[in-house]
Every structure is written in C-alpha cells, then in structure tokens.
Amino acid sequence: MGLGQGAGTSARQIVIAAGVALLLLALLLALLPLKLALALVGGLLFVAVTVIEPAWGLYGAVLSVPVQDLVVLPGGLTVTQVVVVLAAGAWALRVLAFPDKTLGLRWQWIWLVWLGWQLLTVVFTPYSLAQGLQQWARWVAAWLAFVLTLGTITTPKRAWGLVASLLIAPTVAALDGMWQFVTASGPPSFLIIGGRFARAAATFGKPNPFGGYMNMIWPLAAMLTLYFLRHARRSGQWQPRMLLLGTLCAGTTLALLGGLFASYSRGGWIGAIIGVFGMALLTGRRSAVLALSALLLALVIGLAGSFSILPAVVTDRLSSVTDYIRIFDAGEETVTSENFAIVERMAQMQAGWRMWQSSPLLGIGPGNYNSAYPDFYVGHWSESQGHAHNYYINTLAESGVPGLIVYLGLIGTMFAQGLRLRRMKRGSVWSAIALGGCGIMLAVAGHNLFENLHVLNLGIPLSAVWGLMVVGLRETEWR
Numbered sequence: 065m066g067l068g069q070g071a072g073t074s075a076r077q078i079v080i081a082a083g084v085a086l087l088l089l090a091l092l093l094a095l096l097p098l099k100l101a102l103a104l105v106g107g108l109l110f111v112a113v114t115v116i117e118p119a120w121g122l123y124g125a126v127l128s129v130p131v132q133d134l135v136v137l138p139g140g141l142t143v144t145q146v147v148v149v150l151a152a153g154a155w156a157l158r159v160l161a162f163p164d165k166t167l168g169l170r171w172q173w174i175w176l177v178w179l180g181w182q183l184l185t186v187v188f189t190p191y192s193l194a195q196g197l198q199q200w201a202r203w204v205a206a207w208l209a210f211v212l213t214l215g216t217i218t219t220p221k222r223a224w225g226l227v228a229s230l231l232i233a234p235t236v237a238a239l240d241g242m243w244q245f246v247t248a249s250g251p252p253s254f255l256i257i258g259g260r261f262a263r264a265a266a267t268f269g270k271p272n273p274f275g276g277y278m279n280m281i282w283p284l285a286a287m288l289t290l291y292f293l294r295h296a297r298r299s300g301q302w303q304p305r306m307l308l309l310g311t312l313c314a315g316t317t318l319a320l321l322g323g324l325f326a327s328y329s330r331g332g333w334i335g336a337i338i339g340v341f342g343m344a345l346l347t348g349r350r351s352a353v354l355a356l357s358a359l360l361l362a363l364v365i366g367l368a369g370s371f372s373i374l375p376a377v378v379t380d381r382l383s384s385v386t387d388y389i390r391i392f393d394a395g396e397e398t399v400t401s402e403n404f405a406i407v408e409r410m411a412q413m414q415a416g417w418r419m420w421q422s423s424p425l426l427g428i429g430p431g432n433y434n435s436a437y438p439d440f441y442v443g444h445w446s447e448s449q450g451h452a453h454n455y456y457i458n459t460l461a462e463s464g465v466p467g468l469i470v471y472l473g474l475i476g477t478m479f480a481q482g483l484r485l486r487r488m489k490r491g492s493v494w495s496a497i498a499l500g501g502c503g504i505m506l507a508v509a510g511h512n513l514f515e516n517l518h519v520l521n522l523g524i525p526l527s528a529v530w531g532l533m534v535v536g537l538r539e540t541e542w543r
C-alpha cells in the first residue's frame, strides 16, 4: 500500500512539474518577440525530433546551409552552427542514454590535431582573439558534422536520407541562382553581358562561394546518375525505380552545373574541370579518353568563339582563365577595367604571402586576415577582400607551415578513405558515392586555389560527404 501511494505521489509530482514547466514556457513565449518565440519553439521541436531520430539533426544542419543568414543571431552565430550544436547535443544525450552501443568514431585524431593547432594559433595571435575563436568555431561545427555522420548514419535508410539532404539543398540554391542569372537580379557589380544577365549568388551574397557550393555536390549527383542509369536495365527489362532515380539525379546534376555556370566563377569552372579529370582517371582508361575528348571539344568551342560563332563575352571569360593563373606583382601591374579583378585577386594573395613571411610558424591567427591586412597590403590595394583568394596561402598566413601541413593531411586522409571505399565496394552504389566524394574533393581543392571555400559553413556538407565515405567502409557492420 505504501509503495502504491509513493508511486502515485511521484506521478503527481511529475505531472505538476510538467504543468509548471509548460506554464513557464507559455509565459516566456508570450513575453518574447515573435521571431524569438518561433525560433525557441522550432529549436525545442528540433531537439525533440533529433533525440528520437538522431540522423534528422544532421539532415537539418545540411539543409540549413543556404538559409543560414536569413536570421541574424548574436555573437556572429549562424542558424547552421546552432543547428549543428543542437543536433550534436541531442545525439550526445541519446548516446548517454544507450551507453552500450559502439560509436565507431574513426579518424578523429587528424581532426583533433587540426583543431588543436588552430586553437593554439588563436591563443598566440597578435590580432583579434574574437575573430580567431569565430573561425575556430566554424571548423568545430564542420568536425561535429563529421562526428554526427559517423554516429547517426547506421542504416541504409539513414544513409539515403543524408544523400537526399546533400542533393536537395544545393539544387534549390542552384534554381534560385539560375533565376537570378536569367532575370538579371543582382547588384550592378554582378551584371554581365550588357546588363542582360547577372552573376548568380543565390543566398550566399557573392558568386564565388555559391559556385563553390555547387562544386561541393555536383560530382556526387553525376556519379549517382551514371550508377542508376547503368543499372536501370537488367535481363532485358527496365527497372522503373532505378530509371526514376537516375532521371532525378540527372536533373539534379544539370541544375547544379547550370548554377555553377550562372555563378560566372572562373575559379569554380577550373575546379569543376579538375574534378572531371580526376574522376575520369579514377574511373578507368576509357573514361580518361572521353574526358580528353571533351577537353578537345572545349578547345574547338574556344576556337569557334574566336571566329565569332560564340558570344564574345563568353569566349573572353574563357580566355581570361590563363590570366587567372598567371603569377605577377600586383603592385607593378597597370590596372584596366578588364584586368581589375585579376590584379586585385593577386594583390590579396601577395598580402597573404607577406603575412606568412612575418610569422612562418604560427601565422597571424585564424580569421585574422582582415585585421592584419593593413600591415601587409601591396601597392595601392588597401582594401581587404576578407581572405587571400587562395586557401593554401590563406592557411599559411593564418596558421603557419604546420597548419598547412595538417590541413593537407586532413584532406589527404579523407581522400584516401574515398579511394579505399571505391576499391572495396567496386560495382556497388558505395563505389559511385566514393567516386563522387573524390570528385568533390578534387573540385574543391582546385577551386580553393582561387578562393576560400571554408566560409559560410560550407565545411558542414563537405564534412558530411567525408563522413559518408567513412561510413561506407563499415556498412557490413550494420544490423
């Protein structure tokens, strides 16, 4: 009897506590501004869903990248960073609730070395500690996305959910970007071809990071297209499901490449070419020959443009790629309206190189390119563009030689996992995912010669792709 009364009292206490909590929550929501109230409710629902199904937190983080700046948050935080932290917290609660499950968090050491070195250089920066911590937080968010991928993608259904999220968000952004392109919707500096079109930026503010976002997913979409269409016909019969998936992935690939073209980003185009040739070489000799044939076709198109068969503005953009990779002294170059962007880009690179020369070991501190720029600019190029327009020089400038070595080690480690996955799962869909992931890394590595694509939390979908390749290696362990 006493036990029954105790249980009844305990139940009543729980009900009363829950009622008081709901009342306080309702009062808080009534007092808060509408946007904050909606954000609070959305955050609570998101955490609840993530605790129940952890993979949804990762999906939310990946899907939020194009809309991360639509809501302004204090402390320089973005919606995507908050979503990642909430998802990681919810996943950690679930892990604590079920401590008997194996986590399988592989390849953490290279991440921890990278994050540790970044934090060390933040501590010793002679410039802004706050800027350094913000940059470090972006990399922490990318690492959390990697951890979440390894920790939550434990079934084929969850893996396909992540693939769908990786494809959907950039496809929507690509459609938005192409609309901007054809309607000439953008600031005057984005207008091209006599104002008839505008360089696409979607929700990213600038065309180059938008082009980088396209490069972070189209290789995966392209390889999935080839896989599904190749398996759409078996034993003389069409497989409707494979045909449908292949068609959807083909449409996605075209949209992403259309968005990349609409960005009018020469660095993005160069990165895409590197990605194509890298995947061709990994696929086999016949594909390499086809890729070389495509290059010859591009040269023919370029020659056709020289005979006015193509619009001059397009051929001028293509021909300027050679100037884009030329090394020169920006302080000595005569600036014209035609070469302004190229000279400005070189000036930013030279400033980054000077920063590294001033502190070869530790650099000037992550996120401090802007703060240090007035001390190192070249000629009359006194206005910083925020980064060195070359991520490798930027890493040298901000994190020193050890920082660049560790960064390249991180990239190399993840690329090796992709090669290993392709070798182990040859002929399966995981092989297509591995090939697409390697293509993404090559395209991003090439684009990073002219940009910094580790901005705007673009590292989160990239880290999810890395994690997905590691997950594929342990697929046989799934139950």
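Just so we're aligned, residue 65 is where the sequence shown starts under the numbering used here, counting upward by one.
Think of the CB as a built atom: it goes at the ideal place given N, C-alpha and C, for glycine as much as any other residue.
Going along the chain, which residues of its own chain have a beta-carbon closer than 7 Å to the beta-carbon of residue i, five neighbours each way excluded?
i: residue 170; result: 214 and 534
i: residue 268; result: 274, 277 and 520
i: residue 317; result: 282, 285, 286 and 289
i: residue 310; result: 289, 292, 293 and 296
i: residue 239; result: 319
i: residue 229; result: 123, 126 and 127
i: residue 196; result: 186, 189, 429, 430, 431 and 432
i: residue 539; result: 494
i: residue 471; result: 178 and 459
Return yes when the Cβ of residue j is within less than 8 Å of the Cβ of residue i, no when it is not.
i: residue 436; j: residue 413; result: no
i: residue 250; j: residue 260; result: no
i: residue 182; j: residue 207; result: no
i: residue 460; j: residue 427; result: yes
i: residue 258; j: residue 503; result: no
i: residue 449; j: residue 537; result: no
i: residue 143; j: residue 205; result: no
i: residue 432; j: residue 189; result: yes
i: residue 417; j: residue 391; result: no
i: residue 336; j: residue 507; result: yes
i: residue 462; j: residue 429; result: yes
i: residue 194; j: residue 323; result: no
i: residue 399; j: residue 424; result: no
i: residue 150; j: residue 111; result: yes
i: residue 219; j: residue 155; result: no
i: residue 483; j: residue 494; result: no
i: residue 241; j: residue 326; result: yes
i: residue 513; j: residue 454; result: yes
i: residue 478; j: residue 530; result: yes
i: residue 339; j: residue 434; result: no
i: residue 210; j: residue 173; result: no
Take residue i and list the residues in its own chain whose beta-carbon comes closer than 8 Å to its own, dropping the five residues that flank it on each side.
i: residue 226; result: 119, 122, 123, 126, 213, 217, 528 and 532
i: residue 256; result: 262, 263, 328 and 377
i: residue 200; result: 179, 182, 183, 186, 430 and 431
i: residue 408; result: 394, 445 and 449
i: residue 302; result: 296
Beta-carbon within less than 6 Å of residue i's beta-carbon, same chain only, minus the 5 sequence neighbours each way: which residues are those?
i: residue 367; result: In this prediction, residue 367 scores a pLDDT of 46, lower than 50, which makes its location untrustworthy; the coordinate-derived value is nonetheless stated afterwards. Contacts found: none.
i: residue 411; result: 394, 442 and 445
i: residue 468; result: 459 and 460
i: residue 306; result: 292, 295 and 296
i: residue 500; result: 283, 284 and 287
i: residue 145; result: 205
i: residue 314; result: 289
i: residue 505; result: 479
For residue i and residue j, which I take to be in contact (beta-carbon distance under 8 Å), what is that distance rounded to the nearest angstrom?
i: residue 272; j: residue 192; result: Their Cβ separation, rounded to whole angstroms, is 24 Å, which puts residue 272 and residue 192 out of contact at 8 Å.
i: residue 474; j: residue 178; result: 5 Å
i: residue 511; j: residue 331; result: 5 Å
i: residue 129; j: residue 524; result: 6 Å
i: residue 496; j: residue 452; result: Wrong, their Cβ atoms sit about 35 Å apart, outside the cutoff.
i: residue 223; j: residue 244; result: Actually they are not in contact, since the Cβ atoms of residue 223 and residue 244 sit about 33 Å apart, beyond 8 Å.
Under the criterion of a Cβ to heavy atom distance below 7 Å, does residue i qualify as lining the ligand HEM?
i: residue 324; result: Of ligands this structure carries none, so the ligand HEM is not represented either.
Length-filtered (3 minimum) beta strand (DSSP E) runs lying within the segment 235-315: Listed in chain order, there is nothing to give.
Length at least 4, wholly inside the segment 149-231: the alpha helix (DSSP H) runs in chain order: Listed in chain order, the alpha helix (DSSP H) elements of length 4 or more contained wholly in the segment 149-231 are 172-187 and 193-216.
Whole alpha helix (DSSP H) elements within the segment 408-478, 4-residue minimum: Entirely contained in the segment 408-478, the alpha helix (DSSP H) runs reaching 4 residues are, in chain order, 433-436.
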